[in-house]
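Trainee:
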Ligand SMILES: NC(=O)c1ccc[n+]([C@@H]2O[C@H](COP(=O)([O-])OP(=O)(O)OC[C@H]3O[C@@H](n4cnc5c(N)ncnc54)[C@H](OP(=O)(O)O)[C@@H]3O)[C@@H](O)[C@H]2O)c1
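Residue numbers (this note's numbering): -11 to 240.
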């Protein structure tokens, strides 16, 4: 039985990943900033499977949070899924500085921290997998959602680099780049969910299958893969138009 740690395992893509791993009989360690959400997810998962479901409350948008979380762990992690993240939309000078810092701490700094803290035990065993969740936003800059897209570009670049390092030592590191997915993500960033968003269950199933095949960069959905063939300038203009429209709507 593997132990799978999922940050942001209480909702959306993270919870769907948790359901899939629980179905396979793996033991889970779920992390989120909210105890109530954690207990709710734990109950749901216990009703569905016999897997051991451990929950740990940790706000990963704080400096030093990866180490704090690591110190709370009482077991080795076989599969690390760095999934927790959020987005912010607005003109960069108008986005609250503290919120932007929290985004960068959650989406990048503590993701790196967890990789650095958990990799050594994986290297010792000569086995382990890491799945870092980026986004299709990693493939081009995102006007009016600048730090979010930049954070995901960072995740993709960092994950590909450490995959190269880890390969010779028996560890697999993959990056998941979902497109729009039906989760709380959009309500949290106060935007509208695109009509063609995939379900979180679909994304999670593809992610786990491809993680098991050790695919370096996983982009679920044909449309999301085709979109990457468009020139970067066009993709940026598309993002800018969409996000500027969202800001206008919000300010009405
Ligand atoms: N949905 C999309 O369209 C989409 C597309 C591309 C990439 N992604 C990426 O997919 C990942 C998962 O997002 P989602 O769409 O599933 O959104 P979601 O439903 O909002 O889930 C986010 C998860 O992260 C946790 N989280 C948020 N802030 C946290 C913090 N400070 N400390 C610890 N945990 C925290 C949340 O739990 P608590 O609130 O209980 O802390 C929740 O479990 C993110 O990295 C996101 O950037 C999403």
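C-beta: ideal position from N, C-alpha, C; glycine also.
Please confirm whether any heavy atom of ligand 1 lies closer than 7 Å to the CB of residue 10.
Mentor: Checking the Cβ of residue 10 against ligand 1 gives no.
Trainee: Assign residue -8 to one of three DSSP states: helix, strand, or coil.
Mentor: strand
Trainee: Are the CB atoms of residue 167 and residue 197 within a distance shorter than 8 Å?
Mentor: no
Trainee: How about residue 46: is its Cβ closer than 7 Å to a heavy atom in ligand 1?
Mentor: yes
Trainee: Quick one: Cα of residue 164 to Cα of residue 202, how far?
Mentor: 11 Å
Trainee: By Cβ distance, which residues of its chain are closer than 8 Å to residue 60, with the 5 residues on each side in sequence left out?
Mentor: Take residue 60, set aside five residues on each side of it, and the residues of its chain with a beta-carbon closer than 8 Å to its own are 44 and 46, in chain order.
Trainee: May I have a chain-ordered list of the beta strand (DSSP E) segments no shorter than 3 residues that lie completely inside the stretch -9 to 41?
Mentor: -9 to -5 and 15 to 20
Trainee: Any heavy atom of ligand 1 within a distance shorter than 7 Å of the CB on residue 94?
Mentor: yes
Trainee: Given residue 94, which residues of its chain have a CB within under 8 Å of its CB, disregarding the five upstream and five downstream residues?
Mentor: 48, 49, 72, 73 and 74
Trainee: What number of angstroms, rounded off, separates the C-alpha of residue 188 from the C-alpha of residue 3?
Mentor: 8 Å
Trainee: Measuring CB atoms only, is the stretch 92 to 111 touching the stretch 137 to 156, in the sense that at least three cross pairs come out at less than 8 Å?
Mentor: yes
Trainee: Exposed or buried, residue 234, counting other C-beta atoms within 10 Å across all chains shown (16 or more means buried)?
Mentor: buried
Trainee: Under 7 Å from any heavy atom of ligand 1, does the C-beta of residue 255 make it?
Mentor: Residue 255 lies beyond the stretch modelled for the chain, which goes from -11 to 240, so this question has no answer here.
Trainee: Within 10 Å of its beta-carbon, does residue 128 have 16 or more other beta-carbons around it, so buried, or fewer, so exposed?
Mentor: buried
Trainee: What does DSSP give as the partner residues of residue 45 in its beta bridges?
Mentor: 20
Trainee: May I ask you to report which of helix, strand or coil DSSP gives residue 107?
Mentor: helix
Trainee: Hey, residue 195 and residue 208: beta-carbon distance below 8 Å or not?
Mentor: yes
Trainee: Taking the Cβ atom as the reference point for each residue, do residue 227 and residue 130 lie within a distance shorter than 8 Å?
Mentor: A contact, by the Cβ cut-off of 8 Å.
Trainee: For a test of the three-state rule: what should DSSP assign to residue 160, helix, strand or coil?
Mentor: strand
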